[in-house]
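To convert, note that position 144 of the sequence shown is 465 in my numbering; the numbers rise steadily by one, no gaps.
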Amino acid sequence: MSLKINKLWLPQCLQLLLCLSLEVYPSRGSDTIFPGQSLSGNQTLTSKEGNFELGFFRPGNSSYHYIGIWYKNLPNQTVVWVANREQPVSDLSISALKISEDGNLVLLNQSRNALWSTNSVSKSSNSTIAILLDNGNFVVRDASNSSMDVLWQSFDHPTDTWLPGGKLGYNKLTNQRQFLVSWRSLQNPAPSLFSLEIEQNGTSHILMWNGSQMYWTSGVWTGKIFSLVPEIQLNYYVTNLTYVSNENESYFTYASAIPSAFTRFMIDSGGQLRQFVWRKNFPDWALFWTRPTQQCEVYAYCGAFSVCNQQKEHLCSCIQGFEPKTREDWEKDDHTDGCVGKTPSKCEGGGKGTFLLMPNMRLPLNPESKAAETIEECEAACLNNCSCNAFAYDNGCLTWKGNLFNLQQLSSAEETGRDIHLRIASSEFVKTRGKGKKKTTLVVLVSVAAFFVCFSLVLIIVWRRRLTSTYKVVEDSLMLFRYKELRSMTKNFSERLGEGGFGTVYKGSLPNSIPIAVKQLKSLQQGEKQFCTEVKTIGTIQHINLVRLRGFCAEASKRFLVYDYMPNGSLEALLFQKAANTILDWKSRFHIAVGTARGLAYLHEGCRDCIIHCDIKPENILLDAEFNPKVADLGLAKIIGRDFSRVLTTIRGTRGYLAPEWLSGEAVTPKADVFSYGMLLCEIISGRRNSDGYNIGFDNYFPFQLSNIISKEDEIVTLLDDRLEGNANIEELNRACRVACWCIQDDEKDRPTMKQVVQILEGVSEVNRPTIPRFLQQFAESPKETMIYQKTSLSSD
């Protein structure tokens, strides 16, 4: 029987055979790789809701490509996971990600060799699929059963980023760990030395390492908060953190507290752990917090024989006589290889080298102690030991062998610095001296020429130099004034700017015509030494939202503080005026509220020692020429330790802004400032004193009105200053009202920190609806207690 073939079907049959012989690719927008499919070139997977995308990417200016996951619809590509960190792809057109015959995901290069594989699946390729989920997790599932068991997932193998739903921990049965390892640089996602992991001894610490050297810890997890990272806690505004520990595993995981926002933790290429938040309409990621707070605190960030200087744009520099070990890496801001000597070892050829003095340094770790009674004996002990590279002498002799890590140049304001003497080759020391002689000669010649040019100017400025010659700089730019100088600058204290409970403020001007405000303190019991010590501490604090202290005077019983003059006066003068032409619009008020919060956050968390202001009120918020707020009057501030083990108990501040713990005699922490700020924010919103409503009744007491309307979710625009006629950004007004209500909660534990306040006002963090503070509820129910509270807490000083 002969077989007849219909010629019309022949082209279709050939086309079908051709299709079967070619590889199949995922359809555009798909979230899944099925058996027989592969991903190559510019093809990508997109998660179901469009949050994440997976495909090949090229980091920075690199010529190599990697398989990674990034956020889909953000303007700046943010990669959160990389597969082939150490095996990049050079040719996209013939590289592919597919499911292999054994069911594993595998990345093949142009030679069809495996660059990367999941290496954990033992299934037929026909029964496994790979899916990109909307939380950024890339999973391999067993499609042969209805439960779709997870065979492998990227959340078990994070790179430098910890996403919501991911784990940071370890499996007690398999010893598998989930930990983060930073990129080598912005152009190279290969693993670096910096890592983040959970401690495996059951203490629930999170640690950061540089190789085998631990350089940061979160402190213990108490069940609600990390002892050393108060920004992360249970049921927090941005992150809800959970710790799980059972017989099988121990791990941390977290969920975003803001459904409409993205949040992520990452350990960056510099070894710092950062948390970022992205909300709708944000131009970029907002940095929520960083640990360690300074880059130079990261162990060996600059590598061996390099100095880290936080005050310079380029933090790392090689020590004199040394040069970058890998210059190409330094150009990419990767300094981990450090520096090497330009000259052979100092002990070769019988030479012993010489020592280079490096003043005010943070000393390296792991010194050896030597018996020496003088600096000369200490130097000799190091010089006679060829393996000794440096020594320091400060009532004891310390020496260092091998590579020197973590050298940091400290500022003159930091008192922990020590002098260290580094051994360098004698030839390098001679070169330096030779260069110095040439420079000296050049300086002399230039100076002689400049002398004749400048001589004519000397007579013009000599009178000014006579006025200022007696100034003494005691702490960087902080000046010690004499009483007669201040009397001259203020024209015998003739122009009074204001007066408070602790002194009178006068206007003056420096000899160069810069206006100043001179505050004369009274009723001060401190001795001169104690006063000078505290003033020097305050003088080192500089922030855009703090009034700058220029200097002070301490002669006999006279005590003066000299500040920058603020031309727009205090917030109190503008906020409560009735003149129509001086009404602060909402934009200015919100700007002042945010700036004040930033200044307080810096006092609480940004300084070396936590500082409680103790007297936040409109009179102590000054405004510069551009209406930028400056927190003033730190005269009541008390410096305490950052561990809050020492607290304030003596009442300080102005009634009407005092936290309940002041009145109850309980110990006081920085949360007292938070309460005062909440009361201040109420007045910024309403444009009137909080106590004004008492003339009518407690129902008109503004903090009660605000809390009541917020709890009932009524129209918040009714809370706004009537003079603004409703002209305000409603979203900003809503955030400000909610923050104010949270700040004045009875229990300080319920109040946010000032840093959290800043984040909420800036829109980085969401804020839940607060409840009416208990003390307001009690006062509303008891008129008698209301009168007592009015007399004791709301009277003005």
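From the three backbone atoms N, C-alpha and C, an ideal C-beta is built for every residue, glycine too. Treat the numbers as computed from the prediction; the structure is a model and nothing was measured.
Can you give me the start and stop residues for the alpha helix (DSSP H) that residue i sits inside?
i: K1076; result: 1075–1082
i: R648; result: 648–652
i: Y804; result: 804–810
i: L1055; result: Note on residue identity: the sequence assigns Asn, not Leu, to residue 1055. First-last of the alpha helix (DSSP H) with N1055: 1051–1064.
i: E698; result: 696–704
Just reading off the beta strand (DSSP E) that residue i is part of, what are its end residues?
i: I904; result: Where I904 is concerned, there is no enclosing beta strand (DSSP E), given that its DSSP letter is neither H nor E.
i: K545; result: K545 -> no beta strand (DSSP E), and no H or E assigned at all.
i: Y572; result: 570–577
i: P645; result: 643–645
i: Q1026; result: Premise fails: Q1026 lies in the alpha helix (DSSP H), 1023–1033, not in any beta strand (DSSP E).
i: K419; result: 417–420
i: M1000; result: Careful: M1000 lies outside any beta strand (DSSP E), inside the alpha helix (DSSP H) at 992–1007.
i: W402; result: 400–403
i: C639; result: 637–639
By the 10 Å Cβ neighbour count, where 16 or more other Cβ atoms means buried, how is residue i classified, buried or exposed?
i: Y620; result: buried
i: R648; result: exposed
i: L609; result: Checking the sequence shown, residue 609 turns out to be Phe, not Leu. Buried.
i: M535; result: exposed
i: T811; result: buried
i: R406; result: buried
i: E700; result: buried
i: Q1080; result: buried
i: T584; result: buried
i: Y804; result: exposed
i: A946; result: exposed
i: A1057; result: buried
Could you work out which residue in the options is closest to residue i when comparing CA atoms only?
i: P396; options: S441, F603, N724, S566; result: F603
i: E1053; options: E422, T449, V1085; result: V1085
i: I942; options: F948, A953, I933; result: A953
i: E520; options: E947, L528, L514; result: L528
i: R1187; options: S421, Q632, T439, G674; result: The chain is shown only over 322 to 1118; residue 1187 falls outside these bounds and no answer can be derived.
i: N394; options: S384, V401, F373, V403; result: F373
i: R498; options: E518, P510, D481, W504; result: E518
i: S516; options: P479, I546, G544; result: P479
i: G487; options: A511, D455, R505, C709; result: D455
i: P356; options: G371, V427, I1037; result: V427
i: N522; options: S566, A894, C617; result: S566
i: V559; options: Q593, G362, A607, F802; result: A607
i: D477; options: N466, V461, S468; result: V461
i: A875; options: Q898, D936, M800; result: M800
i: L366; options: A451, R919, K992; result: A451
i: D650; options: S815, S590, S809, F996; result: S590
i: G890; options: N710, P836, E644, N681; result: P836
i: L725; options: C623, Q631, E698, E694; result: C623
i: C928; options: I904, T990, Q863; result: Q863
i: L453; options: L436, F897, V401, L413; result: V401
Suppose you measure from the CA of residue i to the CA of residue j; what does that come to, to the nearest Å?
i: K828; j: L743; result: 51 Å
i: P981; j: N1050; result: 32 Å
i: G962; j: C931; result: Bear in mind that the predicted position of G962 carries a pLDDT of just 35, short of 50, making it unreliable; the figure below should be weighed with that in mind. Their Cα atoms are separated by approximately 6 Å.
i: H925; j: T1074; result: 9 Å
i: F712; j: C637; result: 21 Å
i: E820; j: V826; result: 6 Å
i: L343; j: L507; result: Bear in mind that the predicted position of L343 carries a pLDDT of just 38, short of 50, making it unreliable; the figure below should be weighed with that in mind. For L343 and L507, the distance between alpha carbons rounds to 37 Å.
i: A582; j: V598; result: 7 Å
i: W537; j: R612; result: 8 Å
i: I745; j: Q641; result: 8 Å
i: C703; j: S475; result: 51 Å
i: G977; j: E893; result: 14 Å
i: Y1022; j: K992; result: 23 Å
i: P580; j: D352; result: 22 Å
i: V915; j: L807; result: 34 Å
i: H656; j: V839; result: 48 Å
i: S815; j: P888; result: 18 Å
i: D885; j: A511; result: 50 Å
i: G457; j: C935; result: 46 Å
Within 8 Å of any Cβ in chain C, is that where the Cβ of residue i sits?
i: S1086; result: No chain C is present in this structure, which holds just one protein chain.
If you measure from the CB of residue i, is any heavy atom of the ligand GDP nearer than 7 Å?
i: I354; result: In terms of ligand content, the structure shown is empty, and the ligand GDP therefore cannot be addressed.
Do the segment 566–584 and the segment 476–492 touch if we need at least three Cβ pairs shorter than 8 Å?
-> Cβ pair count under 8 Å is three or more, so yes.
Can you find at least 3 beta carbon pairs, one from the segment 653–664 and one from the segment 684–695, that sit closer than 8 Å? Segments in contact, no.
Three or more C-beta pairs under 8 Å: does that hold for the segment 1006–1013 against the segment 859–867? No: the two stretches stay apart, fewer than three of their Cβ pairs being nearer than 8 Å.
- Task: Indicate whether the contact test is met: 3 or more Cβ pairs, each with one atom in the segment 463–470 and one in the segment 368–382, closer than 8 Å.
- Result: Segments in contact, no.
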